[in-house]
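For what it's worth, numbering that gives the first Met the number 0 labels the leading residue of the sequence shown as 0, then goes sequentially.
No residue lacks a Cβ here, since even glycine has one placed at the ideal position from N, Cα and C.
All values derive from a computational prediction rather than experimental measurement.
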Amino acid sequence: MATDETPPSVPTLRPLPSLGVPLLREEIERARRRRVVIGGLVIGGLAVIGVTVALATMVGGGPADDDDVEHATVPTHVGYTPPADAAVPPPDTFVPSVPVATEELPVGTRTVHHFGQSAGFRPALISAGLAGADADAIITALTGVMDFRRCRPDHELVFERDAVGVLQRFEYRATITQIYEARRGPDGALHGAQVEVPIERIDLARGGTVVTSLGDALEQIGLGRTLVGTFVEVFEGRMNFNTETRAGDSFRLIVVEERIDGAFLRYGTVQALEYHSARRGVLQAFHFAPPQDPRTSGGVREGARPSPDEGDFYDETGRAVHGGWLRTPLRYDHISSPFDPRRMHPVLHRVMPHNGIDYSAATGTPVWAAADGTVTWAGDRGPNGNLVSLSHEGGYESHYAHLSRFAAGLARGQHVEQRQVIGYVGTTGRSTGPHLHFGLERHGRFVDPARELNGPGRMLPASLTGRFRQEIARLRGLLQDIEIAPVAAPATPPAEAEPATSHDDVMD
Ligand SMILES: [Zn+2]
């Protein structure tokens, strides 16, 4: 047993989550002594009970408790200590897991374990105290329903057992919305399915005034600061929120809030945005999703940004607020070398066209696809070092050179979406320091990304303008009805208000 292989230092209380360090035997015994069995009577149970306050601090890293399967049949009492010679299971078969929660059901019990550091799905089930046959039945039921390779330590395994301890239902909770179950049917077998999690969507229509920053103003009216990012991105071409935000600016927005069981889950689509800027006047943008699949309907989507419902933001005239490209495919420190057809090369010391823009950034900085596209190259390419090339609509190809590494699983032929991470800044190939060389070709000729990508967005096609106008009229009406929450006058003169936010705070 690997408990003899004493790791260099094993903390008395293990950190959260478990680091997967084998537990020392003493430590296991100490943990057992701490155990306080809670919960009421378990009738003839194979049910796993046994969670203590102390153990709650050891989530996912606690000691073995296959013994509890038997001990649970013993009348429960506080302070129960299992025999000191209880066998400790060998860790090479599994890392033992302790339930993080146990609760009484009307009939039976429910126990929750973390996936923890188990080597796989089956070991996780066994670690949680399941018999091999039950584990296999769950795996059979969920094969094709969930991807067992996607398990992570913080995912939860939920076991519901009836009064006599027979597993009636297993639930795998990857996220709050991604839940799979294996439920015992009338035929006695377990049947797998993804659990439908009903998400409530509520339109919030709010308005506010900037006093200190846009983020503060959003919080003031009960919205999240993350929405700052939407303002920045949607109005990117029309206002610089870093430098042009002023105290006294006001805004209105309509955003979908998604809830589960009444609790906030996340923001969905921002449907309409309005910003009254002292510097830039009134800015408005509206979210509009063309009715049919735009990828196949001829160009509507060229220039669109990805969003869950494939829509995009348009100004009041029906022009997309974005030209379809990220202005920069990463968060950078500075431009170390612009596009220049007659540059003196810093390494080769001769005039060579610089067919792109060099963005200086730390090694490891994520690099995003500048637009939706298809991977045409992902590999080493001489002076380019690790290079990713993407082909896009409209005869464009973009290139990302000198990467330290590629995004996991990135392969030629793969479709990528705008702002998807494709690799990480590095200094591979012919390079003097960590930077991204970003190149852009149109129909096989290198063009200056700074000029090419900052054009205005496309107009909606004429076939959609009727529908768009209707939708905009509705949203404008709703915006107009939003009362802007009054604010107390700022204590200091508003003239030199702090910038609303730094770009770094708001870009993901
Ligand atoms: Zn370069």
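Specify the secondary structure class of residue i as computed by DSSP and reduced to three states.
| i | result |
| --- | --- |
| glycine 310 | coil |
| phenylalanine 467 | helix |
| glutamate 218 | helix |
| arginine 475 | helix |
| glycine 164 | coil |
| phenylalanine 120 | helix |
| aspartate 447 | coil |
| arginine 151 | coil |
| aspartate 84 | Unreliable positioning characterises aspartate 84 in this predicted model, as indicated by a pLDDT of 39, which lies under 50. The coordinate reading is nonetheless provided below. Three-state result, aspartate 84: coil. |
| threonine 139 | helix |
| proline 365 | strand |
| glutamate 392 | helix |
| asparagine 383 | helix |
| aspartate 186 | coil |
| alanine 377 | strand |
| arginine 294 | Residue confidence for arginine 294 is low, a pLDDT of 43 falling below 50, so the modelled location carries little weight and cannot support an answer. |
| aspartate 371 | coil |
| serine 212 | coil |
| alanine 130 | coil |
| isoleucine 356 | strand |
| alanine 529 | Nothing in the structure corresponds to residue 529, since the chain is present only between 0 and 507. |
| isoleucine 198 | coil |
| serine 336 | strand |
| alanine 192 | strand |
| alanine 288 | coil |
| serine 462 | helix |
| isoleucine 421 | strand |
| isoleucine 125 | helix |
| histidine 70 | Its pLDDT being 32, under 50, histidine 70 is placed unreliably by the model, and the measurement read from it follows with that caveat. Note: histidine 70 maps to helix in three-state DSSP. |
How about residue i and residue j: are their beta carbons less than 8 Å apart?
| i | j | result |
| --- | --- | --- |
| isoleucine 137 | phenylalanine 169 | yes |
| leucine 329 | alanine 288 | no |
| tyrosine 423 | proline 365 | yes |
| leucine 203 | phenylalanine 230 | no |
| arginine 121 | alanine 134 | yes |
| leucine 389 | alanine 406 | no |
| leucine 156 | alanine 127 | yes |
| phenylalanine 312 | valine 415 | no |
| glutamate 180 | glutamine 167 | no |
| glycine 378 | serine 430 | no |
| arginine 251 | arginine 279 | no |
| threonine 208 | glycine 261 | no |
| alanine 277 | aspartate 314 | no |
| leucine 213 | tyrosine 266 | no |
| valine 374 | leucine 347 | no |
| valine 269 | histidine 275 | no |
Within the present structure, is the beta-carbon of residue i separated from the nearest heavy atom of ligand 1 by less than 7 Å?
| i | result |
| --- | --- |
| aspartate 357 | yes |
| histidine 398 | no |
| histidine 344 | no |
| histidine 190 | no |
| histidine 353 | yes |
| alanine 436 | The sequence given here places histidine at residue 436; alanine does not occur at that position. Within the cutoff, so yes. |
| serine 336 | yes |
Verify the contact flag: residue i, CB atom, against every heavy atom of ligand 3, threshold strictly below 7 Å.
| i | result |
| --- | --- |
| valine 163 | Ligands displayed in this structure: ligand 1; ligand 3 is not among them. |
Problem set entry | the stretch 190-203 touching the stretch 237-257, judged by at least three CB pairs closer than 8 Å | yes
Problem set entry | Within the stretch 220-275, ranges of the alpha helix (DSSP H) (whole runs, at least 4 residues) | 227-233
For this session: Indicate whether the contact test is met: 3 or more Cβ pairs, each with one atom in the stretch 396-408 and one in the stretch 429-439, closer than 8 Å.
Result: yes
For this session: Decide yes or no for the touch test of the stretch 340-359 against the stretch 368-380: beta carbon pairs closer than 8 Å, at least 3 of them.
Result: no
Problem set entry | Sufficient close CB pairs (3 or more, under 8 Å) joining the stretch 146-165 to the stretch 104-121 | yes
Exercise. Is there contact between the stretch 456-472 and the stretch 310-324, where contact requires at least three CB pairs shorter than 8 Å?
Worked result: yes
Exercise. Are there three or more Cβ pairs, one per stretch, closer than 8 Å when the stretch 205-222 is compared with the stretch 474-486?
Worked result: yes
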